[in-house]
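*Asks:* I have a structure here, written as structure tokens, and I will follow up with some questions on it.
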Amino acid sequence: MTRIVFNFMGKTALITGASGGIGREVARVFHNAGASLVLMDLHEGPLLELTADLGDAHRVVVAAGDASNPAGIAAALELARTQFGGLDFVIPVAGIYPESPVIDTTDDEWRRVMSVNLDGVFQLLRAAIPVVRQGGAVVNFASVAGHRGSKNHGHYAASKAGVIALTRSLAHEVGPKVRVNAISPGTIETPMVTDLVKARGAEMLAETPLGRHGKPEEVAAVAAFLCSDAASFITGETIHVNGGLFMAG
Ligand SMILES: NC(=O)c1ccc[n+]([C@@H]2O[C@H](COP(=O)([O-])OP(=O)(O)OC[C@H]3O[C@@H](n4cnc5c(N)ncnc54)[C@H](O)[C@@H]3O)[C@@H](O)[C@H]2O)c1
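For my numbering, add 224 to where a residue sits in the sequence shown, where the first one is 1.
Here it is, written out as structure tokens:
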């Protein structure tokens, strides 16, 4: 893939879900661009492996734990402040995608998806926005499911529709100091969609004008664009990264 050059020297990014397929590529593109990183995910081991892989470890700190837990969020924000002097970019990538038809979904299953995919984003942004510096940016992770629904993933689709509405609402509230946008990926080759691709991959490819699934780095590049000066007049927007699988009206 073409190497796109962004300059985030002197900037700090907080990324949740950083050990995941997309999160680690977001970490990589921001690190390559010179940013310091606060990386959150459930387990410390994979975060430390990623840190070693990125190199320049003095620009990376890890905060293992549940990204929907307010105490963990506060600890990560404190790390941004003490280690790097503040925060510029907030990128909540963490998400879960369990399968369950609506009529079979228990209250606990519904709440768990909402808790990680929507409550966690709200809690992180509520705590982080006051410490984000002038000119900062948020990039939320929605999904094509949040626009058109998703068979057997109603809780997931509803949580992602919530992320889209939260993105627009927050953009109204925090401009011009901070821009707030979202990305809606289509099918991106990560562990999250291994089963989906096995079950319906061929069918989805037939509906995708670009004729393939996406790569995590193709999503990460859009996150970097949205945080960069090249996107200085974009806020409240949701960018589709899906090879044409879904074209929003
Ligand atoms: N891959 C796709 O096709 C696709 C499509 C649409 C949207 N998305 C969205 O993109 C984002 C990244 O997805 P991915 O494909 O990289 O998935 P992934 O499963 O590879 O990574 C998700 C990461 O989030 C972490 N995580 C889950 N719950 C967490 C919690 N409570 N606290 C901290 N970390 C937690 C996981 O440990 C994992 O590392 C998600 O929000 C997902 O909904 C992905």
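Ideal Cβ placement from N, Cα and C applies to all residues, glycine included. Bear in mind the structure is a predicted one, so any value in this text is a computation, not a measurement.
#1: Is it right to say residue 247 is buried, meaning 16 or more other beta carbons lie within 10 angstroms of its own, or is it exposed?
#2: State buried or exposed for residue 403, treating a residue as buried only when at least 16 other CB atoms are found within 10 Å of its CB.
#3: Between the alpha carbons of residue 465 and residue 322, how many angstroms are there, rounded?
#4: Heavy atom of ligand 1 less than 7 Å from the Cβ of residue 365, yes or no?
#5: Take the Cβ of residue 333 as the centre, count every other Cβ of all protein chains shown within 10 Å, and call the residue buried at 16 or more, exposed below.
#6: First and last residue of the beta strand (DSSP E) that includes residue 320?
#7: Using a threshold of 7 Å, is the CB atom of residue 388 nearer than that to any non-hydrogen atom of ligand 1?
#8: Cα separation between residue 471 and residue 308?
#9: Would you give the residue range spanned by the alpha helix (DSSP H) that residue 458 belongs to?
#10: Touch check for the region 437-447 and the region 336-356: three-plus C-beta pairs under 8 Å?
#11: For residue 237, does the three-state DSSP call read helix, strand or coil?
#12: Does DSSP classify residue 475 as helix, strand or coil?
#13: Figure out for me which residue from 306, 298, 297, 463 has the closest Cα to the Cα of residue 282.
#14: Looking at the structure shown, is residue 264 part of a helix, part of a strand, or coil, going by DSSP?
#15: Does the region 228-239 come within contact of the region 254-262, defined as at least 3 CB pairs closer than 8 Å?
#16: So, at 6 Å on beta carbons, what are the nonlocal neighbours of residue 187 in its own chain, with the 5 sequence-adjacent residues on each side left out?
#17: Check whether the Cβ of residue 315 lies closer than 7 Å to any heavy atom of ligand 1, and answer yes or no.
#18: Can you give me the Cβ contacts of residue 267 inside the same chain, cut-off strictly under 8 Å, excluding the 5 residues immediately before and after it?
#19: Looking at residue 277 and ligand 1, is the gap between the Cβ and the nearest heavy atom below 7 Å?
#20: Leaving out the 5 sequence neighbours to the left and right, which residues in its chain are closer than 7 Å to residue 381 when beta-carbon positions are compared?
#21: Taking the beta strand (DSSP E) that residue 365 belongs to, which residues open and close that run?
*Replies:* Working from what's here:
#1: By the 10 Å Cβ count, residue 247 comes out buried.
#2: Buried: at least 16 other Cβ atoms inside 10 Å.
#3: Cα to Cα, residue 465 sits roughly 21 Å from residue 322.
#4: Yes, the beta carbon of residue 365 sits closer than 7 Å to at least one heavy atom of ligand 1.
#5: Taking every protein chain shown into account, the CB of residue 333 has fewer than 16 other CB atoms within 10 angstroms, so this residue is exposed.
#6: No beta strand (DSSP E) holds residue 320; DSSP gives it neither H nor E.
#7: Taking 7 Å as the cut-off, the C-beta of residue 388 does not count as close to any heavy atom of ligand 1.
#8: If you take the alpha carbons of residue 471 and residue 308, they lie about 40 Å apart.
#9: Premise fails: residue 458 is in no alpha helix (DSSP H) and is neither H nor E.
#10: Flag = no, the region 437-447 and the region 336-356 do not touch.
#11: Looking at residue 237 - three-state DSSP - the assignment turns out to be strand.
#12: A question about residue 475 goes unanswered here, because the residues of the chain that appear run from 225 up to 473.
#13: Out of 306, 298, 297, 463, 306 has the C-alpha closest to the C-alpha of residue 282.
#14: Looking at residue 264 - three-state DSSP - the assignment turns out to be strand.
#15: As far as the Cβ criterion goes, the region 228-239 touches the region 254-262, which means the pair count is three or higher.
#16: Residue 187 lies beyond the residue range present for the chain, which begins at 225 and ends at 473; the question has no answer from this structure.
#17: Shortest gap from the CB of residue 315 to any heavy atom of ligand 1: 7 Å or more.
#18: Counting only residues of its own chain and dropping the five nearest sequence neighbours on each side, residue 267 has a CB closer than 8 Å to the CB of 243, 288.
#19: Every heavy atom of ligand 1 is 7 Å or more from the Cβ of residue 277, so no.
#20: Shown here for residue 381: same chain residues with a beta carbon closer than 7 Å to its own, the five before and five after excluded, namely 369, 370, 373, 374 in chain order.
#21: Counted as a single uninterrupted DSSP element, the beta strand (DSSP E) harbouring residue 365 occupies residues 356-365.
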